[in-house]
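Contents: one structure, followed by commentary.
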Amino acid sequence: MDIIHEKGTGISLAKKQSGLYASWHIDEPDKGIASTLFGKAFSLLGKKIRVFRQAKGFLAYKDIEVQKERHVFIPYSGTEAIYFADLVLYDQSRELTLARSDSVHGETGSGSSSDWRSAYSRTNWKRCFSGYTSYGDVPDEKEPVILQDLNTNMQNVEEVKSSLHKLHASVLMISTEYPPNLIGGLGRHVHVLVQALAEKKKTVILLTAAADPALQGYENPAPFLHIFRLQPLYKTSTSLEEWVLNMNFAFVQFLKRNRGLSFDLVHVHDWLTAGAGRAVREGWGVPLAATIHATEIGRNGSACTPLQKHITMEEKRLVKESDRVIVCSQYMQKQAEDQLEMAPGKSAVIYNGINPLKSNMNDKNSKNKKPLFLSGEPYIFAAGRLVPEKGFGVLLAAMPEILKRFPEIRLIIAGDGPYRSEYEKLAKELNVQNHVIFLGFLDDAPLHICFKNCEMTVVPSLYEPFGMISLESMAACKLTIASDTGGLKEIIRHRENGLLFERGNSEALTSAILEALTNKIWADRLAKEGLSDVSRRFSYDLFAEQVIEEYEVLNSIKTRS
1 MDIIHEKGTG ISLAKKQSGL YASWHIDEPD KGIASTLFGK AFSLLGKKIR
51 VFRQAKGFLA YKDIEVQKER HVFIPYSGTE AIYFADLVLY DQSRELTLAR
101 SDSVHGETGS GSSSDWRSAY SRTNWKRCFS GYTSYGDVPD EKEPVILQDL
151 NTNMQNVEEV KSSLHKLHAS VLMISTEYPP NLIGGLGRHV HVLVQALAEK
201 KKTVILLTAA ADPALQGYEN PAPFLHIFRL QPLYKTSTSL EEWVLNMNFA
251 FVQFLKRNRG LSFDLVHVHD WLTAGAGRAV REGWGVPLAA TIHATEIGRN
301 GSACTPLQKH ITMEEKRLVK ESDRVIVCSQ YMQKQAEDQL EMAPGKSAVI
351 YNGINPLKSN MNDKNSKNKK PLFLSGEPYI FAAGRLVPEK GFGVLLAAMP
401 EILKRFPEIR LIIAGDGPYR SEYEKLAKEL NVQNHVIFLG FLDDAPLHIC
451 FKNCEMTVVP SLYEPFGMIS LESMAACKLT IASDTGGLKE IIRHRENGLL
501 FERGNSEALT SAILEALTNK IWADRLAKEG LSDVSRRFSY DLFAEQVIEE
551 YEVLNSIKTR S
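When you line the sequence shown up against the UniProt record's numbering, it's residues 1 to 561, in that order.
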């Protein structure tokens with residue numbers, strides 16, 4: 001589809017004596033983009049104008065179904081008000097806001113607050129109160145906030161970009177996560193990847209989500225790395241899948257508005273940015289690379305809920321429509337083939353890489369930088385998102401027996417997540433709460449200090465496509481004890497560079513930890529071999545070189561075609 005167009009997508013309101021006329025238009029490129037993001041023909045999508053009115057401290061909206069592009073008349077409701085309107089596409093579960101009009105003042109005289117309230121029932125207006133995530137009946141009389149239009153922030157990015165003139169990149173990277181917006185291993189992976197590519201003098205344009213509106217804008221932290229942090233154009237999302245839809249639309253609209261940015265290929269990560277990747281592949285005519293970090297079926301054991309089914313469908317579409325798929329382990333490759341119907345031979349296994357010196361993992365002075373929460377007692381360390389698949393319950397269940405032999409030992413867990421309160425409750429039930437510290441999320445510097453000062457690191461995952469935490473532990477020259485699942489079995493060579501225990505078996509984990517605490521010389525020898533393995537098998541340079549090789553293959557295919 002041709003991205004260049006004369007008449008852009010938009011909606012406008014015009015004042016008349018007895019009401020407003022709304023006019024709207026969706027350009028052909030945006031019809032194609034919307035069809036790609038929703039995964040269905042544009043003609044099958046619902047279309048509506050959502051009109052907002054604010055008067056006497058109340059905000060309300062009314063949806064008007066539309067099909068053909070035409071004027072829609074919106075009568076005033078008997079009081080002075082400010083009006084604006086959204087142009088919305090929707091299916092059974094998601095809405096995508098394409099455009100928002102300017103605000104107009106409806107001057108029809110003044111009415112009382114009670115007059116305004118009664119206007120709801122007369123004209124089917126609905127009260128709403130949220131300026132961020134939802135529409136619904138307001139439970140009290142709090143003054144609402146009009147939804148914020150973020151187009152102005154997008155234009156600020158364009159102004160910064162203008163100083164770059166025409167920027168051409170080897171790769172356009174799109175990721176919902178990037179520091180400081182980190183949820184799991186995906187963001188850490190992308191951070192390492194773009195830094196490594198930039199050091200190889202490959203120009204990277206990274207589009208990522210700004211978790212905080214204050215972080216929106218442009219960064220150039222390295223000569224070959226250009227980062228643009230964006231948010232959905234209009235804050236109207238009510239669910240994860242709807243936020244993803246609107247975030248992907250924002251990524252693509254940013255590229256439409258900034259035609260001076262060009263690139264050889266686009267690289268996306270997981271289903272979260274799949275829609276934008278497909279739209280860029282179609283609209284810009286460049287190859288699409290996708291990294292699959294995990295699968296929804298793998299995380300949950302099945303896809304039963306509507307959200308799980310939706311994510312699995314998006315994952316399948318991504319691997320089918322990508323020109324090349326990258327996976328982080330042989331385990332993940334088999335999962336993608338079995339669960340996502342990926343064709344054999346379509347993917348490349350590229351292990352994650354780490355740079356011990358770059359991340360100060362192997363800093364000999366780290367022992368002199370202990371933060372206040374490290375009081376001097378020996379401790380076992382674990383880190384990760386506090387969710388069931390990370391297996392922290394298995395580790396907590398091992399602690400009572402460990403404390404019988406080593407009563408001075410502590411367990412420190414870094415990370416946050418929805419199951420934190422459950423794990424804190426479990427620690428109390430096991431009567432080990434005085435020996436367990438939950439630190440919450442840690443930035444890199446204190447995280448590295450925790451690695452360097454611990455007795456060992458435990459990775460008790462029930463599901464783990466790779467296990468970046470194990471590499472960080474090995475890079476700190478610490479013994480790593482991991483469950484024998486997923487990609488961890490490809491990193492840890494049992495009793496050679498670390499220890500493996502049976503997945504989900506707290507007794508087996510207890511035995512491994514006790515053996516290591518009892519024989520520290522042997523444990524240190526395994527840790528040193530782990531550090532050697534990081535440099536040999538999981539190096540930063542090797543990681544970058546293998547990704548670049550995949551890019552070159554994609555570019556050669558594009559050239560031949």
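The beta-carbon is built from N, C-alpha and C at its ideal position, and this holds for glycine as well.
When you compare the CB positions of residue i and residue j, do they come within less than 9 Å of one another, or not?
{"i": "Leu87", "j": "Gly46", "result": "no"}
{"i": "Leu442", "j": "Ala475", "result": "no"}
{"i": "Ser470", "j": "Ile492", "result": "yes"}
{"i": "Glu199", "j": "Phe224", "result": "yes"}
{"i": "Glu314", "j": "Gly39", "result": "yes"}
{"i": "Leu98", "j": "Thr238", "result": "no"}
{"i": "Leu554", "j": "Asp270", "result": "no"}
{"i": "Gln339", "j": "Thr295", "result": "yes"}
{"i": "His226", "j": "Leu197", "result": "no"}
{"i": "Ser103", "j": "Ile11", "result": "no"}
{"i": "Leu96", "j": "Ala55", "result": "no"}
{"i": "Phe381", "j": "Tyr419", "result": "no"}
{"i": "Leu37", "j": "Phe249", "result": "yes"}
{"i": "Ala276", "j": "Val325", "result": "no"}
{"i": "Ala383", "j": "Leu318", "result": "no"}
{"i": "Gly486", "j": "Phe466", "result": "yes"}
{"i": "Phe406", "j": "Leu514", "result": "yes"}
{"i": "Thr176", "j": "Leu245", "result": "no"}
{"i": "Ala544", "j": "Gly353", "result": "yes"}
{"i": "Glu377", "j": "Glu408", "result": "yes"}
{"i": "Leu193", "j": "Val432", "result": "no"}
{"i": "Met399", "j": "Ala427", "result": "yes"}
{"i": "Ala81", "j": "His105", "result": "yes"}
{"i": "Ile292", "j": "Tyr379", "result": "no"}
Who are residue i's beta bridge partners in DSSP?
{"i": "Gln54", "result": "Leu59 and Ile82"}
{"i": "Tyr21", "result": "Ala14 and Phe73"}
{"i": "His105", "result": "Ile82"}
{"i": "residue 566", "result": "Nothing about residue 566 can be reported from this structure: the residues present for the chain run from 1 to 561 only."}
{"i": "Ser43", "result": "The partner list for Ser43 (beta bridge, DSSP) is empty, contrary to what the question assumes."}
{"i": "Glu529", "result": "DSSP lists no partner for Glu529."}
{"i": "Ala279", "result": "Beta-bridge pairing links Ala279 to no other residue."}
{"i": "His293", "result": "Paired residues: none, contrary to the question."}
{"i": "Arg410", "result": "Tyr379"}
{"i": "Ile64", "result": "Ile49"}
{"i": "Val553", "result": "The partner list for Val553 (beta bridge, DSSP) is empty, contrary to what the question assumes."}
{"i": "Val534", "result": "Val534 pairs with nothing; no bridge assigned."}
{"i": "Gly415", "result": "Gly440"}
Can you name the start and end residues of the beta strand (DSSP E) that residue i belongs to?
{"i": "Val194", "result": "From DSSP, Val194 is part of no beta strand (DSSP E) but of the alpha helix (DSSP H) over Gly185 to Glu199."}
{"i": "Tyr423", "result": "Here Tyr423 belongs to no beta strand (DSSP E); instead the alpha helix (DSSP H) covers Arg420 to Glu429."}
{"i": "Val387", "result": "Per DSSP, Val387 belongs to no beta strand (DSSP E) and is neither H nor E."}
{"i": "Ser170", "result": "No beta strand (DSSP E) holds Ser170; DSSP gives it neither H nor E."}
{"i": "Val266", "result": "Val266 to His269"}
{"i": "Ser262", "result": "Leu261 to Phe263"}
{"i": "Arg100", "result": "Glu95 to Arg100"}
What residue from the options has the CA that sits closest to residue i's CA?
{"i": "Lys478", "options": "Glu464, Arg324 and Leu517", "result": "Leu517"}
{"i": "Val458", "options": "Asp484, Gln433 and Asp444", "result": "Asp484"}
{"i": "Tyr551", "options": "Val51, Trp24, Leu172 and Phe38", "result": "Leu172"}
{"i": "Leu439", "options": "Glu424, Glu429 and Phe406", "result": "Glu424"}
{"i": "Arg299", "options": "Arg495, Leu462, Glu80 and Thr480", "result": "Leu462"}
{"i": "Leu215", "options": "Val204, Leu230, Gly283 and Val553", "result": "Leu230"}
{"i": "His71", "options": "Leu395, Ala276, Leu167 and Leu20", "result": "Leu20"}
{"i": "Ser262", "options": "Ala250, Ser175, Ser170 and Gln67", "result": "Ser170"}
{"i": "Phe73", "options": "Gln67, Arg53, Ala14 and His25", "result": "Ala14"}
{"i": "Ile49", "options": "Leu526, Phe58 and Gln67", "result": "Gln67"}
{"i": "Gly285", "options": "Val266, Arg405, Ala383 and Arg188", "result": "Val266"}
{"i": "Leu499", "options": "Gly487, Ile521, Ala527 and Glu472", "result": "Ala527"}
{"i": "Val349", "options": "Arg537, Phe42, Trp24 and Ala22", "result": "Arg537"}
{"i": "Glu69", "options": "Asp27, Pro75 and Ile297", "result": "Asp27"}
{"i": "Leu93", "options": "Cys454, Gly301, Pro306 and Glu490", "result": "With the sequence shown as reference, residue 93 is identified as Ser, and Leu is not the correct amino acid for it. Looking at the Cα atoms, Pro306 is the closest of the given residues."}
{"i": "Glu496", "options": "Arg503, Glu549 and Ile481", "result": "Ile481"}
{"i": "Asn453", "options": "Ser473, Ile437, Asn431 and Gly187", "result": "Ser473"}
{"i": "Ala209", "options": "Tyr178, His191 and Pro221", "result": "Tyr178"}
{"i": "Phe42", "options": "Ser23, Val51, Gly217 and Asp91", "result": "Asp91"}
{"i": "Asn355", "options": "Leu403, Ile548, Asp533 and Leu167", "result": "Asp533"}
{"i": "Ile311", "options": "Thr291, Gln253, Val436 and Leu240", "result": "Leu240"}
{"i": "Ala222", "options": "Gly504, Glu389 and Val204", "result": "Val204"}
Counting along the chain, where does the alpha helix (DSSP H) carrying residue i start and finish?
{"i": "Thr518", "result": "Ser506 to Thr518"}
Mind listing, in chain order, the continuous alpha helix (DSSP H) runs of no fewer than 4 residues lying wholly within the stretch 301-365? The stretch 301-365 is shown to contain whole alpha helix (DSSP H) runs of 4 or more residues at 306-321 and 330-339, in chain order.
What are the uninterrupted segments assigned as beta strand (DSSP E) that are 3 or more residues long and contained completely in the stretch 424-501, given in chain order? Segments of the beta strand (DSSP E) lying fully in the stretch 424-501: 436-440, 456-459, 480-483 and 499-501.
Going along the chain, which unbroken runs of the beta strand (DSSP E) with 3 or more residues stay wholly within the stretch 199-258? Runs found: 204-209, 217-222 and 225-230.
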